[in-house]
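Visitor: Heads up, the sequence shown is in the numbering used here, so the first residue is 1 and it goes up one at a time. Heads up, the beta-carbon is just placed ideally off N, CA and C, and yes, glycines get one too. None of these values were measured; they are calculated from a predicted model. The structure is given below, and queries will be raised subsequently.
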Amino acid sequence: MTESGEAPNPSDQLSDALIERLDGLEISELKAVVSYAQRRIESIRTPLEDEIRATASGDVLEIENHGAYAIVRKHPDDPDGDGAATHVTSMYHVQRTPHPDGEETLEWRFLGDVHDSEQARCDSCGGTIVGDTAVCPHCGSEQTEESGED
1 MTESGEAPNP SDQLSDALIE RLDGLEISEL KAVVSYAQRR IESIRTPLED
51 EIRATASGDV LEIENHGAYA IVRKHPDDPD GDGAATHVTS MYHVQRTPHP
101 DGEETLEWRF LGDVHDSEQA RCDSCGGTIV GDTAVCPHCG SEQTEESGED
């Protein structure tokens, strides 16, 4: 029963026998059914990373999976032609969004364009070094050959 005293409207996708069985359960048993159903869904659904790779436009560079959501770095589609805009790297927050009909889609939220994180760093101060600079512009220390290789 709902708070108004009416029986909940069962889904057309559930058999009458299953609905009758669920209606006979106590709250603790219903919670166990919900928990089991959620674990079962997770075990048989396509992993989030695979779904992102299968549906993403552009060129996916990296997926950082956080379980309920993922952070995706990718080159977006090139608006001037075919392929990806490799001069741009964008970051997205991606999660599954359930719909009333039971279907789920991926929701992509644009976080912004990012700069190349593979930049050279100063041995002394950690400041960014551009190009083949021998002296750090931030602290003045001389740089060795291996400076900036992370």
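Is it true that the CB of residue 75 sits closer than 8 Å to the CB of residue 55?
Guide: no
Visitor: Would you call the region 71 to 86 in contact with the region 95 to 103, where contact means no fewer than 3 C-beta pairs closer than 8 Å?
Guide: no
Visitor: With 16 other CB atoms within 10 Å as the buried threshold, where does residue 92 fall?
Guide: buried
Visitor: Which term fits residue 52, buried or exposed, when burial requires 16 or more other beta carbons within 10 angstroms of its beta carbon?
Guide: buried
Visitor: Suppose you measure from the CA of residue 95 to the CA of residue 33; what does that come to, to the nearest Å?
Guide: 24 Å
Visitor: Residue 95 bridges to which residues according to DSSP?
Guide: Residue pairing by DSSP places residue 95 opposite 69 and 107 in a beta bridge.
Visitor: Residue 79: which of 124, 114, 57 and 12 sits nearest, CA to CA?
Guide: 57
Visitor: With H, G and I counted as helix, E and B as strand and the rest as coil, what does DSSP make of residue 32?
Guide: helix
Visitor: Hey, could you find the ends of the alpha helix (DSSP H) residue 22 is sitting in?
Guide: For residue 22, the enclosing alpha helix (DSSP H) stretches over residues 16 to 23.
Visitor: Hey, how far is the Cα of residue 45 from the Cα of residue 29?
Guide: 24 Å
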